[in-house]
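Protein sequences appear in the order of chains A and B. Counting in the numbering used here, the final residue of the first sequence is number 229, and the numbers go up one at a time with none missing. Counting in the numbering used here, the final residue of the second sequence is number 458, and the numbers go up one at a time with none missing.
Protein chains: 2
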Amino acid sequence: MSRHTAGGTIASMDSSHTRREATRRKLFEAAVTLIAEQGFSSTTVDEIAERAGVAKGTVYYNFASKNVLFEELLRHGVEMLAASLQNAADEVAERGGSRVDALDGMIHAGLYFISQYPALTQLYVAELWRTNRTWNSTLMMVRERAVSVVADVIRDAVAGGELSEEIDIPLTASALFGMVLVAALDWQSFQPDRSLDDVHAALSRLLQGRVSGHQGTGGAGAEAGSGRS
Amino acid sequence: MSRHTAGGTIASMDSSHTRREATRRKLFEAAVTLIAEQGFSSTTVDEIAERAGVAKGTVYYNFASKNVLFEELLRHGVEMLAASLQNAADEVAERGGSRVDALDGMIHAGLYFISQYPALTQLYVAELWRTNRTWNSTLMMVRERAVSVVADVIRDAVAGGELSEEIDIPLTASALFGMVLVAALDWQSFQPDRSLDDVHAALSRLLQGRVSGHQGTGGAGAEAGSGRS
DNA sequence: CCTCTTGAACTGACCAGTCAGTGCAAAAAG
DNA sequence: CTTTTTGCACTGACTGGTCAGTTCAAGAGG
Chain A
1 MSRHTAGGTI ASMDSSHTRR EATRRKLFEA AVTLIAEQGF SSTTVDEIAE
51 RAGVAKGTVY YNFASKNVLF EELLRHGVEM LAASLQNAAD EVAERGGSRV
101 DALDGMIHAG LYFISQYPAL TQLYVAELWR TNRTWNSTLM MVRERAVSVV
151 ADVIRDAVAG GELSEEIDIP LTASALFGMV LVAALDWQSF QPDRSLDDVH
201 AALSRLLQGR VSGHQGTGGA GAEAGSGRS
Chain B
230 MSRHTAGGTI ASMDSSHTRR EATRRKLFEA AVTLIAEQGF SSTTVDEIAE
280 RAGVAKGTVY YNFASKNVLF EELLRHGVEM LAASLQNAAD EVAERGGSRV
330 DALDGMIHAG LYFISQYPAL TQLYVAELWR TNRTWNSTLM MVRERAVSVV
380 ADVIRDAVAG GELSEEIDIP LTASALFGMV LVAALDWQSF QPDRSLDDVH
430 AALSRLLQGR VSGHQGTGGA GAEAGSGRS
């Protein structure tokens, strides 16, 4: 199947450690786009192998099953995301920024990550709130890993007096996460020409409260049960 | 179920119509939970039929295909959601509330809707940003239908001077939508005991800007390209 | 020579969609 | 009032195709 007449060179690229690693990476890349497009169950192993440019047998030499391939993909992806977010928060801290600044930096990093790995993001969104799947525990871990990075920074900010003690940490972390996720997916899908900083500014503005900045007649207030019938 | 109680005879036409309707509703209900749990392609028509308590043939008597069943389900669901959001906004307006109050009312309505139809919500999240699927145009329409209800209210608020002209309407609508969506899914999945009003209050607080309410050292500011390298 | 990859053939389970037939209630005929 | 017809709604066994996973002998690379 060597359609590149190998010329003798391309194959010997930097296989960082083994040929095996390179093959596994190729399979991850092929799988992530296909599964993002079509979903897990309608993506066939033959398709993954073909897009990765390897034989089907190779898939099963490297991964025990289609399920295992997918789970390792999920784990690998979330490690990248968590590291990226953590790194953004740390950089802001090093530079002497506040915790709230760190949150803002994480939003930026989140947007950047999603713009770099749109397929991976689509895939997470599609699978993350699913129940009853075989790889449910993996998904649980993945979600926890991502959200806790955000929640930790919020917790620190509350402890340091930067944020009100009244806020609900896990829920706020989720909401923030969702806001960035959905806004970024919409950006990528429907307004891909806009710059990252532009989108980032819009989200910062929303959070900063300039959107509902005027003190409303009470509706946007925090009091519960506002006249719902 | 006799829409026209005109007497004993006209009911006949009605009942024949209603039997089918009841079956279709049962199939919708069965399909929505199964697909939310397992995804579209790993949910079999046999499963749907079994859960609905009908024979497989009945599915195909009522719907041209598995795809068509799903598309009609999506359309039916989003109509319910859009109506619910619109209704919430209208009620606030009738009561003399501001547009921002209307937005808040829509957040409440969104949370309520999701708590009532969690499976439908999971399903939308899972499918909405998928590309390359056969029912892509349906999904496009569905998304547009839901987001535009929010965007319209934001637009009115901007026109009426309640919100800054600087805000990005479609992006803000998406972000708001995503915030509610993800927060609600997390609420349902991980803290189901909390009350709706509690969750609503947390989100209102986030939007109201109390979270990042202190004026940060610039990180949360709206200026673009804030020190990101 | 040991690890990894190839490619094609094969198996067995699973599944979307089909179709000939059943049940039944309301209209038509007797 | 009784019998027959009509056709809607539903049934479930069956078909043809698809796909995960297996096997293996023959390389390729290092």
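By construction, the Cβ of each residue, glycine as well, lies at the ideal position given by its N, Cα and C atoms.
Query                                                                                                                                   : Result
Cutoff 7 Å: residue 115 of chain A Cβ touching any chain B Cβ                                                                           : no
CB contact check: residue 408 of chain B to chain A, cutoff 7 Å                                                                         : yes
Residue 284 of chain B classed as buried or exposed, judged by whether at least 16 other C-beta atoms fall within 10 angstroms          : exposed
7 Å Cβ cutoff, residue 354 of chain B in contact with chain A                                                                           : yes
Spatial neighbours of residue 145 of chain A in its chain, beta-carbon cut-off 7 Å, leaving aside the 5 residues before and after       : 78 and 82
Inter-residue spacing [alpha-carbon to alpha-carbon] between residue 478 of chain B and residue 111 of chain A                          : This structure gives no information on residue 478 of chain B, because the portion of chain B shown stretches from 230 to 458.
Residue 140 of chain A, buried or exposed, once every other Cβ within 10 Å from all chains shown has been counted against 16            : exposed
Per-residue DSSP class, three states only, for residue 132 of chain A                                                                   : coil
Residues of its chain near residue 199 of chain A, where Cβ-Cβ distance is below 8 Å and the 5 sequence neighbours each way are ignored : 111, 183, 184 and 187
When A/99, A/204 and A/164 are compared against residue 179 of chain A, the one with the closest alpha-carbon                           : A/204
Selected residue, minimal CA-CA separation from residue 280 of chain B, among B/258, B/321 and B/320                                    : B/258
Residue from B/296, B/313 and B/377 whose Cα sits closest to the Cα of residue 272 of chain B                                           : B/296
Alpha carbon of residue 354 of chain B to alpha carbon of residue 367 of chain B, nearest angstrom                                      : 14 Å
Residue 290 of chain B - containing alpha helix (DSSP H), residue span                                                                  : 285-291
Any chain A beta carbon closer than 7 Å to residue 294 of chain B                                                                       : no
Minimum C-alpha distance to residue 419 of chain B - residue among A/192, A/170 and A/191                                               : A/170
Contact the stretch 158-165 of chain A vs the stretch 373-392 of chain B: 3+ CB pairs below 8 Å                                         : no
Pairwise C-alpha distance: residue 143 of chain A and residue 105 of chain A                                                            : 20 Å
Nearest residue (CA-CA) to residue 347 of chain B, options A/131, A/113 and A/192                                                       : A/131
Identity of the residue in A/18, A/39, A/196 and A/88 nearest residue 70 of chain A by Cα                                               : A/39
Selection from A/103, A/128 and A/89 that minimises the alpha carbon distance to residue 75 of chain A                                  : A/128
Whole-angstrom distance between residue 207 of chain A and residue 386 of chain B, CA atom to CA atom                                   : 17 Å
Contact list for residue 168 of chain A against chain B, beta-carbon separation under 7 Å                                               : 431
C-beta neighbour in chain A for residue 268 of chain B, strict 7 Å                                                                      : yes
Beta carbon of residue 35 of chain A nearer than 7 Å to that of residue 120 of chain A                                                  : no
Pair within 7 Å by beta-carbon distance, residue 291 of chain B and residue 252 of chain B                                              : yes
Member of B/318, B/313, B/365 and B/248 whose CA lies at the smallest distance from the CA of residue 344 of chain B                    : B/313
Rounded straight-line distance, which links the Cα of residue 293 of chain B to that of residue 26 of chain A                           : 39 Å
Extent of the continuous alpha helix (DSSP H) run through residue 170 of chain A                                                        : 169-190
Terminal residues of the alpha helix (DSSP H) in which residue 43 of chain A lies                                                       : Careful: residue 43 of chain A lies outside any alpha helix (DSSP H) and carries neither H nor E.
Within chain B, partners of residue 68 of chain A - CB distance below 9 Å                                                               : Here the premise fails: no neighbours, minimum Cβ distance about 17 Å.
Cβ-based contacts, 8 Å cut-off: residues of the stretch 308-321 of chain B near chain A                                                 : 320 and 321
Which of helix, strand or coil DSSP assigns to residue 117 of chain A                                                                   : coil
Alpha-carbon spacing of residue 98 of chain A relative to residue 107 of chain A, whole angstroms                                       : 14 Å
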